[in-house]
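Take a look at the structure set out below.
Numbering (this note's numbering), first residue to last: 89 to 241.
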């Protein structure tokens, strides 16, 4: 992918601003996805005012290929830091065998309307992809993902 390249934009409505993601963080998310393959992995990102991201990998207590539940203690610690700092919240998980689109379970369990939900897919093993969504009251709106060269915090 080239700097400034949009990925995962096939159903963008044009209503959402792009989710900017630096390449280092994108690679960390992909590496995390592969680290426990074929199981889903999950975590949080906090977006700092300068646009960099603080990365919080969180254990998936389900160790499942189709679902995830974040470790409660790790989740609470990360959420507190993100909220205390006033950072923008992004919640990520993987789809190891399907496309990067929220499942009915993802939609039903989306409890943070202010958050961006990121899904990393390994469906195409040679070309991992990431897509970003807002999920509010069961309605899914895609945000384009804009990759840039800035480093991770």
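Note that CB positions come from ideal geometry on N, CA and C, so glycine has one too.
Cut-off 8 Å between Cβ atoms - residues of its own chain near residue i, not counting five sequence neighbours on either side
i	result
residue 153	126, 127, 128, 184, 185
residue 123	129
residue 190	198, 205, 207, 221, 223, 228
Proximity winner among the options, relative to residue i (alpha-carbon distances)
i	options	result
residue 237	106, 112, 104, 223	112
residue 167	200, 196, 190	200
residue 172	205, 134, 207, 203	134
residue 195	227, 158, 145	227
residue 178	150, 212, 213, 208	208
residue 198	160, 108, 104, 221	221
residue 215	187, 159, 193	187
residue 161	147, 155, 114, 192	147
Collapsed DSSP secondary structure at residue i in the structure displayed
i	result
residue 222	strand
residue 210	coil
residue 116	helix
residue 187	coil
residue 147	coil
residue 139	coil
residue 202	coil
residue 104	coil
Continuous beta strand (DSSP E) stretch holding residue i: start and end
i	result
residue 155	Note, residue 155: premise wrong, no beta strand (DSSP E); not H, not E.
residue 126	First-last for residue 126: undefined, no H or E at that position.
residue 183	176-183
residue 110	107-110
residue 235	233-236
Bounding residues of the alpha helix (DSSP H) (the contiguous stretch that carries residue i)
i	result
residue 172	160-173
residue 197	192-197
With 16 other Cβ atoms within 10 Å as the buried cut-off, status of residue i
i	result
residue 181	buried
residue 120	buried
residue 204	buried
residue 224	exposed
residue 244	As displayed, the chain neither begins before 89 nor continues past 241, which places residue 244 out of reach and without an answer.
residue 108	buried
residue 235	buried
residue 212	exposed
residue 210	buried
Same chain only: Cβ atoms within 7 Å of residue i, ignoring 5 sequence neighbours per side
i	result
residue 117	180, 208, 218
Cutoff 6 Å; reference residue i; Cβ partners in own chain excluding five residues on either side
i	result
residue 145	120, 131
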